[in-house]
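Below: one structure, written as structure tokens.
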Amino acid sequence: MPFRLRYDAYIDFIPPGTGLGQTASGSVAGAVGPGPAGPAQTIQFFNGFTNTLPPTTNTFLTADVTTLTNAMAADIAAQLNVAAVLARIQAFASGGG
Numbered sequence: 006m007p008f009r010l011r012y013d014a015y016i017d018f019i020p021p022g023t024g025l026g027q028t029a030s031g032s033v034a035g036a037v038g039p040g041p042a043g044p045a046q047t048i049q050f051f052n053g054f055t056n057t058l059p060p061t062t063n064t065f066l067t068a069d070v071t072t073l074t075n076a077m078a079a080d081i082a083a084q085l086n087v088a089a090v091l092a093r094i095q096a097f098a099s100g101g102g
């Protein structure tokens, strides 16, 4: 498969009763991309998975979609499921992080 999937994922903590707030552009906070997230504290994750398999075909198939999105989900889960990362995200709730 000669394709790869690049992505950014953001986790925002929005305090209870605060609402989503607005970004500098006036859109809903944290909607897309690295713009301001209003009152939210944010942590960013991005692709760490690299497909090192040699291409077998130039055709993009449903199996490729499944392979790429499963790899993305596994990569994000591996990045999040680290004690220090979980503690940092949890600290957002108390103003830390």
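Under the working numbering, the first residue of the sequence shown is numbered 6, with each subsequent residue one higher.
Beta carbons are placed, not taken as given, at the ideal position from N, Cα and C, and that holds for glycine.
Could you tell me which residues DSSP pairs with residue i in its beta bridges?
i: ASP17; result: THR47
Output the distance between the C-alpha atoms of residue i and residue j, rounded to the nearest integer angstrom.
i: THR74; j: ALA83; result: 14 Å
i: ALA88; j: GLN95; result: 10 Å
i: THR72; j: PHE18; result: 30 Å
i: PHE97; j: GLN46; result: 6 Å
i: ILE16; j: GLN49; result: 7 Å
i: PRO21; j: TYR12; result: 28 Å
Would you call residue i buried or exposed, if buried means 16 or more other Cβ atoms sit within 10 Å of its Cβ?
i: ASP80; result: buried
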